[in-house]
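Numbering of the sequence shown is given in the working numbering, commencing with residue 56 and proceeding in unit increments.
Every residue gets a Cβ at the ideal spot worked out from N, C-alpha and C, and that includes glycine.
The structure displayed is predicted, hence computed values, not measured ones.
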Amino acid sequence: MKIKLSIIIPVYNAKDTLPRAINSINNQNIKFENLKVEIIIIVDDGKNYKEIIPKLKNGITIKIIKTNGIKTGPGNARNCGIVEAKGEFVGYLDADDEWSKDYLRKMYELVKKHGVAFAPTRVYDQNNFLIKHFEGKRQGYLNLYDIGNIPCSFHPFIKRNMQKKFENIQSQDVYNAAYILNKNNTKIRMINGEYYKLNLQKSSVTKEDGFGHKIKLAYIKYQIKSLKNKNLKIARIFAMRRINNTKYIQWKISNNNRSFYEYLNEKEY
């Protein structure tokens, strides 16, 4: 039986969280015997992760590969995973995140019909407290305007031959979603009831000093690239994200350097 789905997980200093991420796949409400899945772990820190891989259900295989360096970035790691992938479709999970119980079944059903699918994103703090639930403004769909207005990532399931290379700078997952949406007439079906669970860590990149400035520079680069490629709609949504990022930086100054997701918790989207 051919591999139907390749799940790509970049890892960097992820020994404490990777087993939980893999188990969120392992515990999906689906018969893996009828859906052959491969998990591709892309190691970007040179460490050995074999010893912490949980026992996998029948129908799931795992492949561990290393990038061509140390801390080459999640964009490069995902690209390494795409090269290795054998599945008809690819999906993405970060090593510190999880999928809700019926995520895989619903995403797979949708991607088979349309070639690409998205899910809502829920953001949780390190105490497993829900900070925010994000989905498209029009129920059941995600569109380019949502990517511009909602300051989080949305991870697709997509036919492998439709997936372009990821950029190798900040917010490459955001640019990837925008590119896919622009290629598909700006809106794509989104599953209902299930979600991608984004787990914040104490060492989350969003809490680092200079996070807002780094994001700003990435948005400028995506805006310039999109203008050069005459992708005006993508350029516009990154202009929107720059405006929202500036608002966060201003808010942070008067709120004792509180984190980006604390800021989101006070905002309405």
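Does the Cβ of S309 have 16 or more other Cβ atoms within 10 Å, making it buried, or fewer, making it exposed? Exposed, because fewer than 16 other Cβ atoms sit within 10 Å of the Cβ of S309.
Secondary structure of F212, DSSP reduced to three states: In the displayed model, F212 falls within a strand according to three-state DSSP.
In chain order, what are the residue ranges of uninterrupted beta strand (DSSP E) at least 3 long that sit wholly in the stretch 138-167? 144-147
Out of curiosity, what's the CA-to-CA distance linking N231 and I62? 16 Å
In the DSSP output, what is I62 paired with across the bridge? I94 and G146
Classify T301 as buried or exposed, calling it buried when 16 or more other Cβ atoms lie within 10 Å of its own Cβ. exposed
At the level of alpha carbons, what is the spacing between E249 and H188? 11 Å
For E88, which residues of its own chain have a beta-carbon under 7 Å away from its beta-carbon, when the five flanking residues on both sides are left out? Hits under 7 Å: N113 and G114.
Please go through the stretch 282-320 and give each complete alpha helix (DSSP H) segment of 4 or more residues, from N-terminal end onward. 287-308 and 315-320
Roughly how many angstroms separate the alpha carbons of K238 and N216, rounded to a whole number? 13 Å
Along the chain, where does the beta strand (DSSP E) that runs through L253 open and close? Y251 to N254
Where the alpha helix (DSSP H) containing Y67 begins and where it ends: Y67 -> no alpha helix (DSSP H), and no H or E assigned at all.
Could you tell me how far apart the beta carbons of F293 and Y318 are, in whole angstroms, since I believe they sit closer than 8 Å? Contact doesn't hold; Cβ gap of about 19 Å is too wide.
According to DSSP, which residues form a beta bridge with F173? M245
Thinking G142 and I58 are a contact (beta carbons under 8 Å), I'd like their distance in whole angstroms, please. 4 Å
Identify whether Y196 lies in helix, strand or coil by the three-state DSSP scheme. strand
Can you list, in chain order, the residues of its chain with a C-beta nearer than 7 Å to that of L60? Leave out the 5 residues immediately preceding and following it. L90, V92, G142, F144, G146 and Y163
DSSP state of F189, grouped into three classes? strand
Taking a contact to mean a Cβ-Cβ separation below 8 Å, would you say I108 touches I64 in this structure? It is not a contact, given that the beta carbons lie outside the stated cut-off.
Whether or not the stretch 92-103 and the stretch 171-189 are in contact is what I'm after, with contact meaning three or more pairs of Cβ atoms, one per stretch, closer than 8 Å; do they touch? No, because fewer than three Cβ pairs between the stretch 171-189 and the stretch 92-103 fall closer than 8 Å, the two stretches do not touch.
Which class does K110 belong to by DSSP, given the choice of helix, strand or coil? coil
Can you give me the start and stop residues for the beta strand (DSSP E) that I120 sits inside? Residues I115 to K121.
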